[in-house]
Structure formats: structure tokens, C-alpha cells
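So the sequence lines, in the order shown, correspond to chains Y and U.
Note that our numbering gives residue 125 to position 125 of the first sequence, counting from 1, and the numbers run on in steps of one.
In our numbering, each number is its position in the second sequence, counted from 1, plus 1000.
Using N, Cα and C, we set each Cβ at its ideal position, and we do this for glycine too.
Keep in mind that this is a model prediction, so the values were computed, not measured.
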Amino acid sequence: MDNKIDTGDSYVIEGKLALPYTYFAGRVGSTFITTIRDKHKIMGVKCNTCDKVFVPPRQTCERCLEDIRENWVELGNTGEVVNFTVVRYEDKHLPRKVPFVLALIHLDGADTPMVHILDGVDPEEVKIGMKVQAVFAEKTTHTILDIDHFAPV
Amino acid sequence: MSEYYGIKVEDIFNSMKDRFRPEGAAGINHSFGYEIKNTGKWKLTVADGTMELETADDVSDCDVVLNTDGETFVGLSIGKVDAMSALTSRKLKIQGDFNTFGLTSRIFQKYMTPGQETRQEQELLTLKKTISVKQRFATGPVFGKFLKGLKDKKILAIKCPECGRLQTPPREACAICRVRNNEWVEVGPNGEMRMMEYCYYASPDPLTGETRETPYGAIGILLDGCKDEEVFWHLLNPEQLDRVKMGSVINGKVTHGSRLRPVWNENRTGSIEDIRYFEIDE
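What follows is the structure in C-alpha cells.
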């Protein structure tokens, strides 16, 4: 068989796919964000059966499936770094110029850690166990970035 | 007074006037009896878009009578207890027509504790975004030649050297004979309508994300020079969706569909959209 293929007719069509979408935070998620925005308070929800406090808050307990959406508890705006990663690749969906630190932060009073940006510290200086506190954004975006970042205490 | 879910049975009855919806009660003329164990009896009369509630000693003359305990009653009112399961477990008894009792959910707004009301009015957050994804579609030599043909108002098909069948849009190989296709044949551009899919949901164009207007007709056209299943898929002029006649070959019996012709775009770029659509050739 003759494997020589004439590629004279080959060409590339460039395109840009626009995908519009709407993300709904839900009732629980909305309360979480608006409380951060308006009161500078971070709230979790507590499952009374399992005695666990979840943050970010959720409608049902992941362990016993109980409806916990009304059981709001106020958490501290301070916590502890339980793990972290340094983001080193640039991409337009990322919230910061690289390099920056994404940390798992265990807030005081919570039983689950929450991911957020850790700033105000050199990426090389971040330590597990570091005490950090929330720094609230001056301008609201009605998103989780109403906490602008966490910074060492 | 006993409380269930933090609510007294009396709270439910006392709030009925405030929760009454005249528009929901329109056309309903019934009396409803409530017998709540160890708590009391109430009689509710609904007529001509108005309501009247009174405590009563005897409610047996009502059209329907609900008989239950305080916990089940409060649970039903706030949506914590399902009526069907309460009935099967005999915690709830209804004398009279069950469906008549169901009307009360239309007549009243749901009972809400004061805290719940404010939460109902809470601000709900949504985030609207448009993601932009870069796309690159490489035509390859065969599809590229086909698209270049469209630029010159030519529809090209490729022919299988073994079975002789034509494919358009063309593929590099005949998937039946598993050989490379090698001969080009110009077909059409006019042809005959075979079948149409009436599309009510348009998926986005992968190159732009745009969706075409619905409904539209995705049609199979038997272009002149093609035979049997060698149909070409394109669009029909949306104005003609209900006028076009489909064709078929069933057990050798040929039914001819409408004759069609392509409508070419003035400005052609070597794209399948160089043909705007096909329309009835009349």
C-alpha cells in the first residue's frame, strides 16, 4: 500500500468555545458567604448526632445523613495550617499570580479543614501547624474570596 | 402545653387566619374537622374564598375529619412527616375523602417559625461566568480537501476502491472494507430529501459555543450521483420544516422526497457552514 499522503489540503481551524454557566451557591452556601461578607464571621454547621462541625457548611451530615442545615455555629477567624501546597503554574482561572500557597486550614471550633489562599508569608516559610487568621476582602465579590486570604497571626 | 419540633398544636391553628390564601381557597366549599389526641378539636369551614375556625366538642358532622396525635399533626404541618407514611402506620386517620383533605395544602401557606420566615427571605447567591476554551480542529488531508471543495461550491465524496460506496463528508478509510479510500467524485449539489430529525435542543457548536435557533431540521439528503444509504447530513431551511416531503426505500419500494438545492453563503471560508442550508428546489 502506498503510505505517502498528500497533506497539501490539510489545515487547522481555530476556535474559541464559549461556555456560559450559572453556579448557584444554594441556601446553605449563600448564608455562609453572606455572613462572611456582612459580618466578617465564618460559620459552620454542626451534626449533633456525630458531634462534628463542618466547614464549608453542608446541608446533610456526610456520616449519618441527618439534615443539619439549620445548626449554624460560629467559628473562630483563626486556625491552624494542617497541610498546604505551593501553586507554581500560571493559569488564568487561578486567583493569584504564582507562586502562591493554597493551604488546608483547620479553623478553631471546626472538625473539617477548609482550603484557602495563604498569603503574607514566603512559600518557603510555610509550616504545618502554623497559626493563621482570616483577612477579609475590602471589596466583595459575593464569593469565598470575600475572605481575601489567610495570613500568619 | 406540649411542643413538637418546638411548635405547639395551637400555634398551627392560631396562625391559620394569617396563612389563609383566598386565591387557593377559591371554589372550595368544605368543612374540615380536626381531632388532636389529648389536645382538642377544631372545626374549619371554608366557603367562597373565606374561612372560619372554631373549637368544637363534636366534629363528626364535617365533610372530612382528621384524627391524629399532636406530634404527627405538627410534623405534617411543617413538612417533617409524610402523610402517606403516617396513614400506613395508623398514626393518622382520615374519615371522608382523603383528596378533600389534601386541599388544605392549597388553602394555607406552610407553617413557618419566625426564624424560618427570615431565612426564607435570605439573599441567594449565584455566580455567572463564561468559560472560554481554545479549540483547534485539524482537518487532515481528506476532510481538508472536502472543505476546500465547499469553498468552490463543490460537494466532494470519496469512493471505496473495493465496494464502490461513496462517503460525504469523506473519511480516509472505508470502515466496511477496511481499505483506504482513494477516488474523489463530485456529487450533487442538488439532491432528494430522505429523512429529517426535528431538533428542539441544539447542542453548542464546539468551535464557538453558539447554539442555533430551534426547532431546526437536521436532514439526510441523497445527493445526485449517490445511492442507497449514501446520504449527506445538513440543515433544512427552517421556514420549510412543515412543507418538506420525506423519501424512503422500503423493501425496494421507492418513495421520492422533495427535491432540494443548497443555499451557499456569499462569503465562503472552507467550512461546512459554507452551505447555509438546503431548501426545496421549486
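Rounded to whole angstroms, the gap between the alpha carbons of W72 of chain Y and L1127 of chain U is 23 Å.
Counting other Cβ atoms within 10 Å of its Cβ, D1274 of chain U reaches 16 or more and is therefore classed as buried.
Between the region 1061 to 1073 of chain U and the region 1092 to 1109 of chain U, the count of C-beta pairs closer than 8 Å reaches three or more; the two stretches touch.
With a beta-carbon spacing of about 10 Å, E1186 of chain U and K1153 of chain U fall beyond the 8 Å limit used to define contacts. Across the set U:L1150, U:T1113, U:I1107, U:G1191, the C-alpha of U:G1191 shows the shortest separation from the C-alpha of V1231 of chain U. In this structure, DSSP gives P123 of chain Y a helical state, which the three-state scheme calls helix. At a C-beta separation below 9 Å, L17 of chain Y has these neighbours in chain U: I1131, S1132, V1133, K1134, Q1135, P1204, D1205, P1206, L1207, T1208, G1209.
Here A151 of chain Y is not near L102 of chain Y, since their CB atoms are 9 Å or more apart.
Counting only Cβ-Cβ distances below 9 Å, T1139 of chain U has contacts in chain Y at D9, S10, Y11, V12, I13, in chain order. Comparing alpha-carbon positions, the option among Y:T141, Y:P99, Y:I68 lying closest to V126 of chain Y turns out to be Y:P99. Within a 10 Å sphere around the beta-carbon of E1035 of chain U sit 16 or more other beta-carbons, which makes this residue buried. A contact between stretches requires three or more CB pairs, one per stretch, nearer than 8 Å, and the region 12 to 26 of chain Y meets this requirement with the region 1203 to 1211 of chain U. Listed by position along chain Y, the residues whose Cβ is nearer than 8 Å to that of T1126 of chain U are T22, Y23, F24, A25. Proximity of K1145 of chain U to chain Y, defined by a Cβ-Cβ separation below 9 Å, is satisfied. The continuous alpha helix (DSSP H) containing F1143 of chain U extends over residues 1140 to 1151.
A straight-line Cα-Cα distance of about 5 Å links I105 of chain Y and M114 of chain Y.
Think of a sphere of 8 Å around the beta carbon of E1123 of chain U: the chain Y residues whose beta carbon falls inside it are S30, T34, in chain order. Chain-order list of chain Y residues neighbouring K1148 of chain U: D9, by C-beta distance under 8 Å. Taking 9 Å as the cut-off, the beta carbon of R37 of chain Y is found no closer than this to the beta carbon of H116 of chain Y. Chain U has a Cβ within less than 9 Å of the Cβ of H142 of chain Y.
If you ignore the 5 residues before and after L1150 of chain U, its C-beta comes within less than 8 Å of the C-beta of R1268, G1270, S1271, I1272, D1274, I1275, all in its own chain and listed in chain order. From the beta-carbon of D6 of chain Y, the residues of chain U found nearer than 8 Å are P1141. A contact between stretches requires three or more CB pairs, one per stretch, nearer than 8 Å, and the region 1162 to 1181 of chain U fails this requirement with the region 45 to 59 of chain Y. Residue-level contact by beta carbon fails for S1085 of chain U and chain Y, as no gap is shorter than 9 Å. Beta-bridge partners of V1074 of chain U (DSSP): none assigned.
The Cβ of S1271 of chain U sits closer than 9 Å to at least one Cβ of chain Y. A distance below 8 Å between beta-carbons, with the five flanking residues on each side excluded, links Y1200 of chain U to the following residues of its chain, in chain order: T1214, P1215. V115 of chain Y is bridged by DSSP to Y:L104.
If you draw a straight line from the Cα of T1139 of chain U to the Cα of M1195 of chain U, it is about 28 Å long.
Assigned with DSSP and collapsed to three states, D1011 of chain U falls in helix. The region 80 to 94 of chain Y and the region 62 to 70 of chain Y do not touch, with fewer than 3 CB-CB distances between them shorter than 8 Å.
When secondary structure is reduced to three states using DSSP, T1168 of chain U falls in the coil class, being assigned neither helix nor strand.
Residue range 1098 to 1102 is occupied by the alpha helix (DSSP H) that includes N1099 of chain U.
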